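Anchor point for the sequence shown: position 230 equals 229 in numbering that gives the first Met the number 0, and the numbering is continuous, going up by one each time. We put the CB at the ideal spot given by N, CA and C, even for glycine. Keep in mind it's a predicted model, so treat the numbers as computed, not measured. Remarks on the structure that follows.
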Amino acid sequence: MARRRNSSRHHKRGRFAFLYKMLSMLVICGAIIAALTLFFRVDTVEVTGQQRYTAEDIRTAAGVEAGDNLFLFNKYDMAGRIIAQLPYVEEIRINRKLPDTLVIQVKECAKPLAVVQGESAWLVSTRGKIVEQTEAAAAGEYGVISGCELLTPSVGTRIALATEYTAQQESLFSLLGALENAGMLEKVDGIRLDDLSTLYLDYDGRFTVKLPYGADYDFKLMALKTYLEDTGVIQDNMSGTFDMQADEDRTYFKPNVR
0 MARRRNSSRH
10 HKRGRFAFLY
20 KMLSMLVICG
30 AIIAALTLFF
40 RVDTVEVTGQ
50 QRYTAEDIRT
60 AAGVEAGDNL
70 FLFNKYDMAG
80 RIIAQLPYVE
90 EIRINRKLPD
100 TLVIQVKECA
110 KPLAVVQGES
120 AWLVSTRGKI
130 VEQTEAAAAG
140 EYGVISGCEL
150 LTPSVGTRIA
160 LATEYTAQQE
170 SLFSLLGALE
180 NAGMLEKVDG
190 IRLDDLSTLY
200 LDYDGRFTVK
210 LPYGADYDFK
220 LMALKTYLED
230 TGVIQDNMSG
240 TFDMQADEDR
250 TYFKPNVR
């Protein structure tokens, strides 16, 4: 009988100890949540990396205001709002800097290229995202992508070509990325997709570059850049055509005859 009473006491003590630990954990969690809610509030929003947009544009799109709790917002939703409202923004990093600062780092797209369709020019980033719609007459300020037709273009969406132009679309995206990586985007006058066997790149106001579809454009452009920077071969007053369609590591240059 005594053994049963002792066993019962130990059982009760163990149960109360467990409940005590659970209650203590709840109290601690509640205290932490209360501290986060009461003390860590947004007082400063730091915005970096923006060029086209102002810091206020970024803050407004983010939807954050002074006094908002620093821990209770969803930073992925916030990033989505910024990208949706400000199409030139391509990458976002959002961090908290205690006790009261929200840091928003943005990366805007490089200079876009234009696709003229009807009376509109659709400006396209190197990632294939339509960042702006403007008048067709303004296309001359940008490199022009020709020989393709966009399907239901809309600002903020990725461009899409007809199914039969899938290879051209993939090569276009790859070439745009390679041009940005090589730092050559600013001198692009146009990209022509009208020939289904050869991709044409008009460059620096005086060169035409013939490229195959589906090539390693990073490698091709590295070879082209090396060739252009070799002042012993290409003079400042020269113009012509680079044929880079061959698979081997060779570049053929045919100067224009004046």
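- Cβ contact annotation for isoleucine 81 (same chain, cutoff 8 angstroms, sequence separation greater than five): Ile57, Ala60, Ala61, Val88, Ile91, Ile103 and Val105, in chain order.
- The beta carbon of leucine 174 lies closer than 6 angstroms to those of Tyr216 in the same chain, with the five residues before and after it left out.
- By the beta-carbon neighbour count (other beta carbons within 10 angstroms, threshold 16), proline 254 is exposed.
- Nearest C-alpha to threonine 162 among Pro86, Ala113 and Glu148: Glu148.
- Judged by DSSP in its simplified three-state form, glutamate 131 adopts strand.
- CA-CA distance, leucine 192 to glutamine 167, rounds to 7 angstroms.
- Burial is judged here by how many other beta carbons sit within 10 angstroms of a residue's own beta carbon; proline 98 has fewer than 16 and is exposed.
- In the DSSP annotation of this structure, the continuous segment of the beta strand (DSSP E) that includes glutamate 89 starts and ends at 88-96.
- Residue range 143-145 is occupied by the beta strand (DSSP E) that includes serine 145.
- The residue among Ala113, Asp42 and Thr100 with its C-alpha nearest the C-alpha of glutamate 185 is Ala113.
- Classified as buried, tyrosine 141 has 16 or more neighbouring CB atoms from the shown chains inside 10 Å of its CB.
- With respect to serine 238, phenylalanine 218 sits apart: the two C-beta atoms are not nearer than 8 angstroms.
- In terms of Cβ geometry, glycine 182 and arginine 157 do not form a close pair [threshold 8 angstroms].
- The criterion of a C-beta distance shorter than 8 angstroms is satisfied by threonine 125 and glutamate 179.
- Here the C-alpha atom of tryptophan 121 lies approximately 8 angstroms from the C-alpha atom of proline 152.
- The three-state secondary structure of lysine 110, taken from DSSP, is coil.
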